[in-house]
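Novice: Every number in my numbering is 13 more than the matching position in the sequence shown, counting from 1.
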Amino acid sequence: MSAGILLTGCDNKKDAAVDGAASAKKLDKVNVGYLASPEHLLYFVAKEKGFFEQEGIDAELFLFTNSAEGLNATIANKLDVGSFGVSAPLAFVAKGADVVVIGGQNSGACALVCAPERYDELKDIRNYRGKKIASVRLSTADVIFRGALIDAGIDWRKGDATITEMESPAATMEALKKGTVDAALIWTPFVAMAEDMGVKVAMYITELFENNVCCRQAVMRSNLEQNPELWQRFMAALIKAYDFYQTNHEETIDITAKYVKVDKKYLDKETYAADATMVCSPDPLKKSVNRYWDIMKNTGFIKTAIDINAHIDTRVYQAALDRLIKEDPGNKNYARLATEFTANN
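1) Using the rule of at least 16 other Cβ atoms within 10 Å of the residue's Cβ for burial, across every protein chain shown, is SER50 buried or exposed?
2) The beta strand (DSSP E) spanning ASP41 covers which residue range?
3) Out of ALA104, LEU189, ALA59 and GLU73, which has the shortest C-alpha to C-alpha gap to CYS127?
4) Can the beta-carbon of GLU130 be found closer than 7 Å to that of ALA205?
5) What number of angstroms, rounded off, separates the C-alpha of LYS39 from the C-alpha of ASN303?
6) When you compare only the Cα positions, how much space is there between VAL58 and ASN261?
7) Apart from the five residues on each side of it in sequence, which residues of its chain come closer than 7 Å, Cβ to Cβ, to PRO241?
8) Ignoring anything shorter than 4 residues or poking outside the segment 83-143, list the alpha helix (DSSP H) runs there in chain order.
9) From what residue to what residue does the alpha helix (DSSP H) around ALA348 run?
10) Between the segment 98-114 and the segment 171-180, do three or more beta carbon pairs fall short of 8 Å?
11) In whole angstroms, what is the alpha-carbon distance linking ASP111 and VAL232?
12) Span of the beta strand (DSSP E) holding GLU178?
13) Excluding the 5 residues preceding and the 5 following ILE146 in the sequence, name in chain order all residues of the same chain whose CB lies nearer than 8 Å to its CB.
14) Thinking C-beta only, is TRP200 closer than 7 Å to PRO182?
15) Compute the Euclidean distance between the alpha carbons of VAL94 and GLY192, then round it to the nearest angstrom.
16) Going by CA-CA distance only, name the one from TYR255, LYS62 and GLY160 that's closest to ARG139.
17) Looking at the unbroken beta strand (DSSP E) that takes in TRP200, where does it start and where does it end?
18) For the alpha helix (DSSP H) containing MET206, list its first residue and its last residue.
19) For LYS274, count neighbouring C-beta atoms within 10 Å of its own C-beta (all shown protein chains included) and say buried if the count is 16 or more, exposed if not.
20) Alpha carbon to alpha carbon, how far is LEU243 from LEU135?
21) What is the rounded straight-line gap between the Cα of SER36 and the Cα of GLU82?
22) Going by beta carbon distance, what residues of the same chain come within less than 7 Å of GLU52, once the five residues before and after it are set aside?
23) Does the beta carbon of ALA124 sit closer than 7 Å to a beta carbon anywhere in chain B?
24) Could you name the residues of the same chain whose beta carbon sits closer than 6 Å to that of SER301, not counting the 5 residues immediately before and after it, in chain order?
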């Protein structure tokens, strides 16, 4: 493994009963890359509750510090799959990598924050002309916000606004607190922590891009074509994890806390609060991926004539969901996913 990979060290006993048929045969080994964020809770739940094993998969989770490292490991076949910020797989596709998005992980969970006394001014995207904004280049929030500025007639490329690029949301938050920028782009769990850190959410990224796409399940096409049935089972495990997260509030937070070392009150707020924008879902969100691809082109991050639809395969997820609905036709969460799949893809 590359230096960017750390073993999670989590090998807890599963609470869910493992399917007898799956346990009787050899499990398929799948190396999975993740980020230490509540956004990736579908992985954590699928691992801890035994849903991967129920689907005949021995999933080993590897921690990465950023999306680019994870995609590099995927392309080098050191990972079989990873869920990383949508910019990373799309940027690699634009450079010719044969990466395919087969599902989702989360959406929302990003925001622009400012000093409380400047909220009335900075809650409106049209008021960012001449402002300084701290951001992490090519993060989901960064791409969407830059696109929104252009749509508002504020071209940061021509100096209408200044975007100061930093390494992490912690760094953007610190710049805001020091007063060196007017606003900062952040994501979970910093969104939940914002008020306690003395800043205010000026706008959520979902206000600029409804149902915005974020981390996607990315695999190499060669791996997908070699064993599509494996990836159907992989997505089925995540669908089961979605069902659990929707119906088991407290235990989901306990599981997430094993992988994300943040106070549980912030994990809970980010995941279940009435005003939380983070939504964890295995849905591929094909329409949103297409829109994001166009934003990346319009903002100059990528220059390509590639059709992104050739790198999105919704059939894997659809087959997994169809199977689970047949097995459990009364499951309301599965029914919701089916309705959303039709609308989103």
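Using N, Cα and C, we set each Cβ at its ideal position, and we do this for glycine too.
Specialist: Short version:
1) Along the sequence shown, read from residue 1 onward, the residue named residue 50 stands at position 37. Answer is buried; the Cβ neighbour count reaches 16.
2) Translated into the one-based positions of the sequence shown, residue 41 becomes position 28. Note, ASP41: beta strand (DSSP E), 41-48.
3) Position 114 of the sequence shown, counting from 1, holds the residue named residue 127. Among ALA104, LEU189, ALA59 and GLU73, the Cα nearest to that of CYS127 belongs to LEU189.
4) For the purposes of this step, residue 130 is taken as the residue at position 117 of the sequence shown. For the purposes of this step, residue 205 is taken as the residue at position 192 of the sequence shown. No. Outside cutoff.
5) Start at 1 with the first residue of the sequence shown, and residue 39 comes out as number 26. Start at 1 with the first residue of the sequence shown, and residue 303 comes out as number 290. The alpha-carbon atoms of LYS39 and ASN303 are separated by roughly 38 Å.
6) Reading the sequence shown from its first residue, position 45 is the one you call residue 58. Reading the sequence shown from its first residue, position 248 is the one you call residue 261. Spanning the two alpha carbons is a distance of roughly 10 Å.
7) The count along the sequence shown starts at 1 and reaches residue 241 at position 228. If we look at PRO241 and ignore the five residues flanking it on each side, its Cβ neighbours are VAL329.
8) 100-107 and 132-135
9) In the sequence shown, counting from the first residue as 1, residue 348 sits at position 335. Residues 345-357.
10) no
11) As a first step, residue 111 is located in the sequence shown; it is residue number 98 there, counting from the start. As a first step, residue 232 is located in the sequence shown; it is residue number 219 there, counting from the start. If you take the alpha carbons of ASP111 and VAL232, they lie about 9 Å apart.
12) Position 165 of the sequence shown, counted from the start, is the residue given in the question as residue 178. Here the beta strand (DSSP E) through GLU178 covers 175-178.
13) Translated into positions along the sequence shown, residue 146 becomes position 133. Counting only Cβ-Cβ distances below 8 Å, and skipping sequence neighbours, we find LEU125, PHE158, ALA174, THR175, ILE176, THR177, VAL194, ASP195, ALA196, ALA197 and LEU198.
14) Sequence index remark: in the sequence shown, residue 182 carries index 169 (1-based). Sequence index remark: in the sequence shown, residue 200 carries index 187 (1-based). A contact, by the Cβ cut-off of 7 Å.
15) By 1-based counting over the sequence shown, the position of residue 94 is 81. By 1-based counting over the sequence shown, the position of residue 192 is 179. Roughly 40 Å between the two C-alpha positions.
16) Here residue 139 refers to the residue found at position 126 of the sequence shown. Residue GLY160 is the option with its Cα nearest to ARG139.
17) Within the sequence shown, numbered from 1, the residue matching residue 200 stands at position 187. Taken as a continuous stretch (DSSP letters only), the beta strand (DSSP E) holding TRP200 covers 196-200.
18) Here the question's residue 206 lines up with position 193 in the sequence shown. Counting along the chain, the alpha helix (DSSP H) containing MET206 begins and ends at 203-206.
19) As a working mapping, residue 274 is identified with position 261 in the sequence shown. Answer is exposed; the Cβ neighbour count stays below 16.
20) Along the sequence shown, read from residue 1 onward, the residue named residue 243 stands at position 230. Along the sequence shown, read from residue 1 onward, the residue named residue 135 stands at position 122. C-alpha separation (whole angstroms): 47 Å.
21) Residue 36 sits at position 23 when you count from the first residue of the sequence shown. Residue 82 sits at position 69 when you count from the first residue of the sequence shown. Here the model assigns SER36 a pLDDT of 46, short of 50, so the residue's position is not dependable and the matter cannot be decided.
22) Position 39 of the sequence shown, counting from 1, holds the residue named residue 52. Closer than 7 Å at the Cβ level, and outside the excluded window around GLU52, lie GLN118, ASN119, ALA122, THR201, CYS227, CYS228, MET291 and CYS293.
23) Checking the listed chains, one finds no chain B in this structure; it contains a single protein chain.
24) In the sequence shown, counting from the first residue as 1, residue 301 sits at position 288. Result list for SER301: ASN224 and VAL226, in chain order.
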